[in-house]
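Just so we're aligned: the sequence shown equals residues 9 to 87 in our numbering.
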Amino acid sequence: MWNERESPLRIEKRFEFDQYSKISKFMGEIEKLCKERDIYPNISFGKNFVSFSIFLDNKELSNKVKDFSMDIDKFYLED
Numbered sequence: 009m010w011n012e013r014e015s016p017l018r019i020e021k022r023f024e025f026d027q028y029s030k031i032s033k034f035m036g037e038i039e040k041l042c043k044e045r046d047i048y049p050n051i052s053f054g055k056n057f058v059s060f061s062i063f064l065d066n067k068e069l070s071n072k073v074k075d076f077s078m079d080i081d082k083f084y085l086e087d
């Protein structure tokens with residue numbers, strides 16, 4: 009589940025990994041997705057996690073952002 013935050017308005021999620029090599033593969037898929045959808049979230053990562061923050065223009069999540077976040081979840085689950 010993505011967490012909604014305010015000030016600034018955004019959604020966030022952290023993904024955990026048991027191997028750093030899985031992070032590399034995951035980030036490769038995310039890079040392609042960002043280019044396809046023209047959405048570029050703030051991303052941070054470490055040895056065993058990747059965190060995303062997607063900043064929102066409106067109070068409601070647009071379908072574009074909803075679909076993007078669901079696709080990120082799918083890539084994670086495919087791992």
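Cβ coordinates follow ideal geometry from the N, Cα and C atoms, glycine included.
Predicted model only: the values in this text are computed from it and were never measured.
Open item on the list: Counting C-beta neighbours from all protein chains within 10 Å, is the total for PRO49 16 or more, i.e. buried, or is it exposed?
Closed with: Looking at its Cβ environment, which holds 16 or more other Cβ atoms inside 10 Å, PRO49 is buried.
- [ ] Look at the Cβ atom of ILE62, then the Cβ atom of ARG22, and state whether they are nearer than 7 Å.
- [x] No Cβ-Cβ contact shorter than 7 Å links ILE62 with ARG22.
Open item on the list: If contact is defined by three or more beta carbon pairs under 8 Å, each pair taking one atom from either stretch, is the region 36-43 in contact with the region 63-82?
Closed with: A contact between stretches requires three or more CB pairs, one per stretch, nearer than 8 Å, and the region 63-82 meets this requirement with the region 36-43.
Task: Pairwise C-alpha distance: PHE83 and LYS43 - done: Distance between the alpha carbons of LYS43 and PHE83 is about 15 Å.
TODO: Determine the contact status of VAL73 and ILE31, defining contact as a CB-CB distance below 7 Å.
DONE: VAL73 places its beta carbon 7 Å or farther from that of ILE31.
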